Structure formats: C-alpha cells, structure tokens
Amino acid sequence: INQTFEEFAELHNIGATWINGIGALENPEIGYYSLETKSYHRKKFIGEYELTSLMGNITIKEGKYFSHTHITFSNADYQVFGGHLFDAKITAAGEFVMFSGEESIEAIPKKTRQGRGKHTKYAATSRNQKKKRYRGQGS
-6 INQTFEEFAE
4 LHNIGATWIN
14 GIGALENPEI
24 GYYSLETKSY
34 HRKKFIGEYE
44 LTSLMGNITI
54 KEGKYFSHTH
64 ITFSNADYQV
74 FGGHLFDAKI
84 TAAGEFVMFS
94 GEESIEAIPK
104 KTRQGRGKHT
114 KYAATSRNQK
124 KKRYRGQGS
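For the sequence shown, the tail end lands on 132 under the working numbering, and the numbers increase by one without skipping.
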C-alpha cells in the first residue's frame, strides 16, 4: 500500500499530502514503536481483513517520497487491530483520498538533546521556494 502511495506521488509530483482510506486487505504487517527499546515491534497478520481506517501522510525523506501511515483493521470475529503500517496488499477494494498542499515537506530525523528517541524536523518549501520549519515527534 505505502509503495503505491509513493509511486503515485512521484508520478504526479505531489507535495505534502494527507491520506485517508478504507477497504479490504490481506496479510498486513504492522508495528508498535517502543520508547524503551527505540524500535518497532513488528507483527504480521495472515489472512483477509476489513480495512476500517488508514491515516497518514507523504513527505520527502532522504530525497524520496515517503509514506507514513497507520491503520486499523478487523477480522471476521470483529476484533480490531492497529498500528504503524509496514506492508499489506489491497484485495477486494481500496478507497483512498489524498489532500495535497502546495508545499513539499522534507522529514529530517534529528536526535533530541535528552537522548530519548528522535524528533523529526520538517522543512517545507512552497512554490515560491521560501522555507518554513516545523517540528514533530517520530522516527
């Protein structure tokens, strides 16, 4: 899913983008970020699931489009799971909307002074090439 978003953004030269979606998927691999270990705990779910929500964004990371998404999905017993999306394949349907801005945002990882994980600085470049700086937390 993320790779498709990145390819679409590159093909259409899309700037900073917010993504929302629903649908059906199979074999999702998700993660939970542990502040203690400063790494993702990954888990792959085998089978078909209902994609109840996908939210995320597309920025530029290390010169390439980068899709950062989180999902919730449910099984046939109505159990819901969620986390950071690493990989999944759309099956019956995938309905997504992208809200694009005129600015291109570059994610630049930067260690915090406290040494507890990473902050991400975001440098936005508008069509008139003026730079703005944003700060968020993440990896």
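Yeah, the Cβ is synthetic: ideal placement off N, Cα and C, and Gly gets one too.
Values in this document were obtained by computation on a predicted structure and should not be read as measured data.
1. Just mark T(-3) as buried or exposed, buried being the case when its beta carbon has 16 or more other beta carbons within 10 Å.
2. Compare the C-alpha of E160 against each of F38, E88 and T52 and name the closest.
3. In chain order, what residues of the same chain lie with their CB nearer than 7 Å to the CB of E88, ignoring the 5 residues before and after it?
4. Among H63, I23 and M91, whose alpha-carbon lies nearest the alpha-carbon of I39?
5. Which residues in the same chain have their Cβ closer than 7 Å to the Cβ of F79, if we skip the five residues on either side of it in sequence?
6. Run the CB neighbour count on G56, radius 10 Å, all protein chains shown included, and call it buried at 16 or more, exposed below.
7. Give me whichever residues DSSP pairs with F59 in a beta bridge.
In short, the structure shows the following:
1. exposed
2. Since the first residue of the chain shown is -6 and the last is 132, residue 160 is not available in this structure.
3. G14, I15 and G16
4. I23
5. E22, I23, G24 and R35
6. exposed
7. T52
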